[in-house]
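Below: the structure, in C-alpha coordinates.
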Amino acid sequence: MYGPLNGVRIALVTLAVIAVATASAIGQTLGAFILAAAVGMHAYGWMYLKRKAQESAPESPSTLEVGR
(Lines of atoms letter the chains of each structure in order from A and count residues from 1; the text may use other names and numbers.)
(Lines give C-alpha, C1' and ligand atoms only; values in the text may rest on other atoms or scores of the structure.)
Protein backbone atom coordinates (compact mmCIF):
# COMPACT_ATOMS: atom_id res chain seq x y z
CA MET A 1 0.00 0.00 0.00
CA TYR A 2 2.73 2.43 0.88
CA GLY A 3 5.02 1.95 -2.09
CA PRO A 4 8.78 2.08 -2.42
CA LEU A 5 9.06 5.78 -1.65
CA ASN A 6 7.75 5.46 1.89
CA GLY A 7 11.29 5.30 3.26
CA VAL A 8 12.15 8.54 1.51
CA ARG A 9 9.00 10.15 2.92
CA ILE A 10 9.87 9.04 6.44
CA ALA A 11 13.40 10.43 6.08
CA LEU A 12 12.16 13.79 4.78
CA VAL A 13 9.52 14.18 7.48
CA THR A 14 12.06 13.22 10.15
CA LEU A 15 14.47 15.84 8.83
CA ALA A 16 11.67 18.41 8.77
CA VAL A 17 10.88 17.68 12.43
CA ILE A 18 14.58 18.07 13.28
CA ALA A 19 14.58 21.36 11.36
CA VAL A 20 11.57 22.54 13.41
CA ALA A 21 13.40 21.76 16.63
CA THR A 22 16.57 23.45 15.41
CA ALA A 23 14.73 26.54 14.18
CA SER A 24 12.93 26.81 17.51
CA ALA A 25 16.18 26.42 19.43
CA ILE A 26 17.90 29.25 17.55
CA GLY A 27 14.93 31.58 17.76
CA GLN A 28 13.54 31.30 14.22
CA THR A 29 9.93 30.99 15.34
CA LEU A 30 8.33 31.90 12.00
CA GLY A 31 10.34 29.24 10.17
CA ALA A 32 9.61 26.70 12.87
CA PHE A 33 5.90 27.49 12.68
CA ILE A 34 5.79 27.15 8.90
CA LEU A 35 7.67 23.84 8.96
CA ALA A 36 5.51 22.51 11.80
CA ALA A 37 2.36 23.45 9.88
CA ALA A 38 3.68 21.67 6.78
CA VAL A 39 4.49 18.52 8.77
CA GLY A 40 1.03 18.64 10.35
CA MET A 41 -0.70 19.02 6.97
CA HIS A 42 1.36 16.15 5.60
CA ALA A 43 0.36 13.94 8.54
CA TYR A 44 -3.31 14.84 8.08
CA GLY A 45 -3.13 14.06 4.35
CA TRP A 46 -1.41 10.76 5.02
CA MET A 47 -4.06 9.73 7.57
CA TYR A 48 -6.83 10.77 5.17
CA LEU A 49 -5.39 8.68 2.34
CA LYS A 50 -4.81 5.71 4.65
CA ARG A 51 -8.43 5.87 5.84
CA LYS A 52 -9.67 6.10 2.23
CA ALA A 53 -7.60 3.07 1.24
CA GLN A 54 -8.95 1.06 4.16
CA GLU A 55 -12.53 1.95 3.29
CA SER A 56 -12.15 0.93 -0.34
CA ALA A 57 -10.21 -2.29 0.37
CA PRO A 58 -12.19 -5.50 0.66
CA GLU A 59 -12.36 -7.03 4.12
CA SER A 60 -9.64 -9.52 4.87
CA PRO A 61 -10.67 -12.99 6.09
CA SER A 62 -9.18 -12.27 9.50
CA THR A 63 -11.63 -9.41 10.10
CA LEU A 64 -14.78 -11.19 8.98
CA GLU A 65 -17.27 -12.12 11.65
CA VAL A 66 -17.85 -15.80 12.38
CA GLY A 67 -20.97 -17.12 10.67
CA ARG A 68 -21.19 -14.37 8.13
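The sequence shown runs contiguously to residue 58 in the numbering used here.
Virtual Cβ for every residue (Gly too), placed ideally from N, Cα, C.
Query	Result
Simplified DSSP assignment, three categories, for L5	helix
Through-space distance from M37 to Q44, alpha-carbon basis	11 Å
Local conformation of A47 per DSSP, three classes	coil
Within 8 Å, strictly: CB atoms of A13 and A1	no
Cut-off 7 Å between Cβ atoms - residues of its own chain near V3, not counting five sequence neighbours on either side	V29 and H32
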